[in-house]
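*Asks:* Numbered per our numbering, the sequence shown spans residues 756 to 929.
Even for Gly, the Cβ is constructed at its ideal location relative to N, Cα and C.
Note that the structure is a prediction, hence the values are computed from the model and not measured.
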Amino acid sequence: MAERVVSKLKVVTLPDPLARPPAEDPWREFRQVEVIDLKLEFRFRHSLGKYSRFFLELEHRRLMATRCPRCGAVWMPPRPACGNDLVVTEWLELPGRGTLAAATECAYTLTTGGGKDRLVLGYVALEGASTLLLQQIRNYGDPRRLTVGLPVRAVWAEGPVNHPMELFWFEPAD
Ligand SMILES: [Zn+2]
756 MAERVVSKLK VVTLPDPLAR PPAEDPWREF RQVEVIDLKL EFRFRHSLGK YSRFFLELEH
816 RRLMATRCPR CGAVWMPPRP ACGNDLVVTE WLELPGRGTL AAATECAYTL TTGGGKDRLV
876 LGYVALEGAS TLLLQQIRNY GDPRRLTVGL PVRAVWAEGP VNHPMELFWF EPAD
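1. Measuring CA to CA, which of Phe810, Ala820, Arg798 and Phe797 is closest to Ala880?
2. Run through DSSP, which three-state label would Met819 get?
3. What are the start and end residues of the alpha helix (DSSP H) that includes Phe809?
4. By the three-class DSSP mapping on this structure, what secondary structure does Gly804 have?
5. Looking at the unbroken beta strand (DSSP E) that takes in Gly877, where does it start and where does it end?
6. On the DSSP bridge assignment, give the partners of Phe925 in chain order.
7. Going by the beta-carbon positions, is the gap between Leu855 and Leu889 smaller than 8 Å?
8. So what does Val829 bridge to, in DSSP terms?
9. Is the CB-CB distance between Val910 and Ala857 below 8 Å?
10. State yes or no: is the C-beta of Asp840 within less than 8 Å of the C-beta of Arg822?
11. Tell me which residues pass a beta-carbon proximity test against ligand 1: closer than 6 Å to any heavy atom, given in chain order.
12. Excluding sequence positions up to five away, which residues of its chain have a Cβ less than 6 Å from the Cβ of Pro850?
13. Between which two residues does the beta strand (DSSP E) harbouring Cys837 extend?
14. Beta-carbon separation of Phe923 and Leu847 under 8 Å?
15. Hey, Leu773 and Arg786: beta-carbon distance below 8 Å or not?
16. In terms of alpha-carbon separation, which member of Leu887, Pro915 and Val767 lies closest to Ala828?
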């Protein structure tokens, strides 16, 4: 019979992982499994909304946080409304210097296509910020250098990128 489903890779009958006799296997009628080749592709038109200025200023190599005029909290990443008291915040540029608060190596690369290398993300406490910014850490050499308190600096991409967050990353400052 001709192939009716071109994506079908195989049909297998899987054994009961508990090795029960078939009569005692409650899933015996469900052990035949079809495996298909499935490709998913999504495209989003996504507004960055009230956060847009943060992303737009990255093109000018500026890191924009927001500051609450009431409690003084400096949000980075920015928040249009203060998380403490819901007051509308003001934009504030921060220097691209800070210290590492945490770092981890990720099992997956960026879905935006921005990197095929091993991805290391770190929480960075930028000078003047009350909160931590999650961003890529690159060019750190020995991973054992990635300790809490390591001085880091923002480094800016030279060429075009897919997503605004790929316009910068952090590296050890020395
Ligand atoms: Zn506030």
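*Replies:* The short version:
1. Numbered from 1 along the sequence shown, position 125 holds the residue referred to as residue 880. Taking each of Phe810, Ala820, Arg798 and Phe797 in turn and checking the Cα distance to Ala880, the smallest one comes out for Ala820.
2. Taking the sequence shown and counting its residues from 1, the one referred to as residue 819 is at position 64. DSSP places Met819 in strand when its eight states are reduced to three.
3. Here residue 809 is taken as the residue at index 54 of the sequence shown, counted from 1. Segment Ser807 to Leu813, the alpha helix (DSSP H) holding Phe809.
4. As a working mapping, residue 804 is identified with position 49 in the sequence shown. When secondary structure is reduced to three states using DSSP, Gly804 falls in the helix class.
5. Within the sequence shown, residue 877 is the residue found at index 122, counting from 1. Leu874 to Leu881 is the extent of the beta strand (DSSP E) around Gly877.
6. Taking the first residue of the sequence shown as position 1, residue 925 is located at position 170. According to the DSSP secondary-structure assignment, Phe925 is paired through a beta bridge with Ile892 and Ala909.
7. As a working mapping, residue 855 is identified with position 100 in the sequence shown. As a working mapping, residue 889 is identified with position 134 in the sequence shown. Against a cut-off of 8 Å, the Cβ pair of Leu889 and Leu855 comes out as no contact.
8. Taking the first residue of the sequence shown as position 1, residue 829 is located at position 74. Bridge partners of Val829: Arg822.
9. The residue given as residue 910 occupies position 155 in the sequence shown. The residue given as residue 857 occupies position 102 in the sequence shown. Not a contact, by the Cβ cut-off of 8 Å.
10. Locating residue 840 in the sequence shown gives position 85, counting from the first residue. Locating residue 822 in the sequence shown gives position 67, counting from the first residue. Contact: no.
11. Those residues, listed in chain order, are Cys823, Arg825, Cys826, Ala828, Cys837, Asn839, Asp840 and Val842.
12. Reading the sequence shown from its first residue, position 95 is the one you call residue 850. Here the set comprises Glu882.
13. Numbered from its first residue, the sequence shown carries residue 837 at position 82. Here Cys837 belongs to no beta strand (DSSP E), and DSSP marks it neither H nor E.
14. Here residue 923 is taken as the residue at index 168 of the sequence shown, counted from 1. Here residue 847 is taken as the residue at index 92 of the sequence shown, counted from 1. No, they are not a contact pair.
15. Within the sequence shown, the letter at position 18 stands for residue 773. Within the sequence shown, the letter at position 31 stands for residue 786. Going by C-beta atoms, Leu773 is not nearer than 8 Å to Arg786.
16. Residue 828 sits at position 73 when you count from the first residue of the sequence shown. The shortest Cα separation from Ala828 among Leu887, Pro915 and Val767 belongs to Leu887.
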